[in-house]
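Taking it in order: structure first as structure tokens, then the write-up.
Residue numbers (our numbering): 7 to 147.
This is the structure:
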């Protein structure tokens with residue numbers, strides 16, 4: 007993992023409360039949108055491990071959806087992301103998964119627009135940093 011700036015080592019400027027559960031999740035959402043190439047109409051989000059246990063309290067749900075709408079980690083709209091997604095017609099479904107995952111902060115996203123879809127797995131590795139580990143069933147890191 008390469009850092010983009012010295013501020014990534016210290017931790018990101020972000021809407022809180024957690025760099026791994028909020029900022030890392032927002033960055034997973036942003037990267038998913040970039041890889042998909044457009045804003046999806048529907049997203050199925052499955053949380054594993056610690057994400058599954060605390061996603062509402064730590065803002066993981068709103069952060070990842072905010073990221074899918076292109077919001078950076080410090081965007082004041084993140085806490086309202088679920089309402090904003092609904093307002094623009096993005097249908098978001100959440101699922102808590104009990105099975106083991108490669109990392110405690112794991113999210114699996116399935117993005118859908120018309121007949122197009124893409125599935126990816128992202129992990130928040132701490133300090134607001136994240137990695138995409140799988141795209142459409144293929145390991146990428």
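Backbone N, C-alpha and C fix where the C-beta goes; we use that ideal spot for every residue, glycine too. Remember, it's a predicted structure, so these values are computed and weren't measured experimentally.
Can you tell me whether residue i is helix, strand or coil according to DSSP?
i          : result
residue 2  : No answer is possible for residue 2: it lies beyond the span of the chain, which begins at 7 and ends at 147.
residue 53 : strand
residue 86 : helix
residue 92 : helix
residue 59 : helix
residue 7  : Residue confidence is low: residue 7 scores 46 on pLDDT, short of 50, so the model does not pin down where it sits. Its coordinate-derived value is still stated next. In this structure, residue 7 counts as coil in the three-state DSSP scheme.
Considering only DSSP beta bridges, list what residue i is partnered with.
i           : result
residue 115 : 51 and 126
residue 137 : 129
residue 145 : 140
Distance check for residue j and residue i, CA to CA, integer angstroms please.
i           : j           : result
residue 126 : residue 114 : 6 Å
residue 96  : residue 75  : 9 Å
residue 92  : residue 31  : 19 Å
residue 56  : residue 110 : 5 Å
residue 90  : residue 146 : 31 Å
residue 83  : residue 105 : 32 Å
residue 112 : residue 85  : 20 Å
residue 108 : residue 43  : 26 Å
residue 144 : residue 137 : 14 Å
residue 35  : residue 139 : 14 Å
residue 78  : residue 72  : 8 Å
residue 1   : residue 135 : A query on residue 1 cannot be resolved here, the shown segment of the chain reaching from 7 to 147 and no further.
residue 128 : residue 94  : 24 Å
residue 130 : residue 52  : 14 Å
residue 88  : residue 62  : 12 Å
residue 58  : residue 67  : 10 Å
Quick check on residue i - is its C-beta less than 8 Å from some C-beta in chain D?
i           : result
residue 100 : Among the chains in the structure shown there is no chain D, since it carries only a single protein chain.
Taking 7 Å as the cut-off, does the CB of residue i come closer than this to any heavy atom belonging to the ligand PLP?
i          : result
residue 31 : In the structure shown, the ligand PLP is absent, as is every other ligand, since no ligand is present at all.
Practice task
Could you tell me whether the region 105–121 touches the region 43–56, using the rule of 3 or more Cβ pairs below 8 Å?
Solution key: yes
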